[in-house]
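All remarks here apply to the structure that follows.
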Amino acid sequence: MNVDLLIYNIGQLILPRFCSTPLKGDQLGQLLIKENAAFAVKDGLISWLGNSDEIHNFIAIKKIDAKKKVVSPGLVDPHTHLVYGGSREQELALKQAGVPYLEILANGGGILSTVEATRNTPEGKLIEKARKHLETMISFGVTTLEAKSGYGLDRDTELKQLRVVKKLNELYPISIVSTFLGPHAIPLTYRGKEERFLQKMTSLLDDINTEKLAEYVDIFCETGVFTIEQSHKFLLEAKRKGFGLKIHADEIDPLGGAELAANLGATSADHLVAISDEGIKRLSDTNTVAVLLPGTTFYLGKDQYAPARKMIEAGAAVALATDFNPGSCVTENMQLIMSLAALKLKMSPEEIWNAVTINSAWAIGQEAESGVLDVGRKADFVIWNIPNYQYLPYHFGVNHAASVYCGGKLIWNESRILSD
Ligand code: IZC
Ligand code: ZN
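In the working numbering, the protein residues as written are 14 to 433.
Encoded structure:
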């Protein structure tokens, strides 16, 4: 049989399971590991998957000896604020002095300072900057991700950010799911006129639909930002217009964002550090994915992490993401998030691999395309420099990716530094 690519001698092939719903409860801890595996790729898709000793039937244009390494699906990062201007390193000293994140924002800093910088950065420069961050993400094994707007808070800049994501999607073979996060903060000029600001952001939905600039909407539902009632109103209107729903929920205060997400059939509820027991129960009753962001809790210097074990045991579908952004989690590294999930969320290696592949794909509606290696699926995969799948969360803070493939094509390789 003629194929484009044959990869063989795989020590452990990580095979997250595709079910009709995101993986919940005990299912999250089940991961199929196939030893001495091989698979073939034709026209960008996996055309065969089996044992390494069956490969003599194939004539391949290219053959890769995996040398007993671990291979997994490409990682999926379902929550990033990829596109922004400037940076906020001067806020680190404020954080060290104990000024809370929401206080920095209330004083016109934080998100609002990035808004200022993003408004002042031309589209071309935003593209160049986002490309660097995106390439770093890819180098850590990501082949599918989500990217939010939310640093414009006005029509032109929100659309500019979304157009940058569209452009990045054209420039790279990876998939970027676009989310409109217009209600990310209240501009100083709209203080006391929050309803008017929300109306203004809602009025952009038709333009975004017409230009096909986003599949999802999101809102920062938090004390001093948007209330539950405002979030409900915005999300409901977006749902009516055909958008999928996401929500920054219960990160700092338990406002009931998880319950709202479940009630509205949101695709995901994200953060959930302060989720209530009722919120956990409501999520468990639905397929709304709980996207946990332990990098943010770590970066904000907090001791209390999202109650991942409680959520998994209650039967909620859990996924993991970086939350890459210039304020509360400045890292593109999904592997670091996997280590934090082990150390801080007490998730098992099996749960973690499922949470960064198939469940994170569900969290952005990509479950039919990403997060699983199987015949007929897109050949997005990573070859890892690790002896077994448990090793990755254990050895933290470095890059274990040896090479990253998207649609059967090599898109990143560790040897790029040592040009041969
Ligand atoms: O720029 O601080 N939490 N939004 C909500 C963020 C963090 C991003 C930021
Ligand atoms: Zn976020």
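Note that CB positions come from ideal geometry on N, CA and C, so glycine has one too. Computed from a predicted structure; not experimentally measured.
By the Cβ rule, the stretch 367 to 383 counts as touching the stretch 152 to 159, because three or more pairs are nearer than 8 Å. Here PHE193 has SER162, ILE221, ALA227, VAL230 as same chain residues with Cβ atoms under 6 Å from its own Cβ, once five neighbours each way along the sequence are excluded.
Distance from the CA atom of ASN22 to the CA atom of GLU67, rounded to whole angstroms, is 11 Å. Straight-line spacing of the CA atoms in THR131 and GLU148 works out to 20 Å. Taking C-beta separations shorter than 6 Å and ignoring five residues to either side along the sequence, the partners of ILE74 in its chain run ASP17, following chain order. A check of alpha carbon separations from GLU326 across ILE20, GLY42, ASP167, THR240 identifies GLY42 as the nearest. With fewer than 16 other Cβ atoms from the protein chains shown falling within 10 Å of its own Cβ, CYS32 counts as exposed. Under the Cβ criterion (8 Å, minimum of three pairs), the stretch 133 to 141 does not count as touching the stretch 83 to 93.
Minimum Cα-Cα distance from VAL304 among the listed residues TYR407, ILE350, LEU115, LYS82 corresponds to ILE350.
Judged by DSSP in its simplified three-state form, GLU382 adopts coil rather than helix or strand.
Taking the Cα of GLY389 as reference, the smallest distance to any Cα among LEU58, GLU208, GLN174, ILE117 is reached at LEU58. Residues of the same chain with a CB within less than 6 Å of the CB of MET150, apart from the 5 flanking positions on each side, are GLU345 in chain order. LYS315 is not a Cβ neighbour of ILE293, given a cutoff of 8 Å.
Looking at THR93, ILE27, SER289, the one whose alpha-carbon comes closest to that of LYS82 is ILE27.
Assignment of ASP220 by DSSP, reduced to helix, strand and coil, places it in the helix class. The C-beta of GLN174 has 16 or more other C-beta atoms within 10 Å across all chains shown, which makes the residue buried. Within the same chain, ASP263, ALA271 come within 6 Å of ILE288 by CB-CB distance, once the 5 residues on both sides are set aside. For TYR97, the CB contacts under 6 Å within the same chain, skipping 5 residues up- and downstream, are THR127, THR131, TYR164, PRO339 in chain order.
TYR407 is classed as exposed because its beta carbon has fewer than 16 other beta carbons within 10 Å across all chains shown. A Cβ-Cβ contact shorter than 8 Å links LEU166 with GLY195.
Judged by DSSP secondary structure, TYR404 falls within the alpha helix (DSSP H) whose first and last residues are 404 to 407.
In this structure, LEU306 sits near ASP336, with a CB-CB distance shorter than 8 Å.
Taking one beta carbon from each stretch, the stretch 206 to 216 and the stretch 174 to 183 have fewer than 3 pairs nearer than 8 Å; the two do not touch. The beta carbon of SER361 lies closer than 7 Å to those of GLY42 in the same chain, with the five residues before and after it left out.
Going by C-alpha positions, GLU427 is about 34 Å away from ILE124.
Sequence-distant partners of ALA415 (beyond 5 residues in either direction) whose C-beta falls short of 7 Å from its own C-beta, in its chain, are LYS82, ILE396, TRP397, ASN398, GLU427. For LYS47, DSSP records a beta bridge to LEU26. Ranking ASP169, VAL112, ALA110 by CA distance to the CA of GLU129 puts ASP169 first. Distances taken from the Cβ of HIS261 to the heavy atoms of the ligand IZC include one shorter than 7 Å. Secondary structure note for HIS261: its beta strand (DSSP E) is the uninterrupted segment 257 to 262. Restricting attention to VAL84, ALA282, LEU184, LEU118, the CA atom closest to the CA of LEU201 is found in LEU118. The C-beta distance from TRP425 to PRO35 rounds to 28 Å, too long to meet the 8 Å contact threshold. In the structure shown, LEU158 falls within a strand segment according to DSSP collapsed to helix, strand and coil.
Annotation: the continuous alpha helix (DSSP H) that includes ALA321 extends over 321 to 327.
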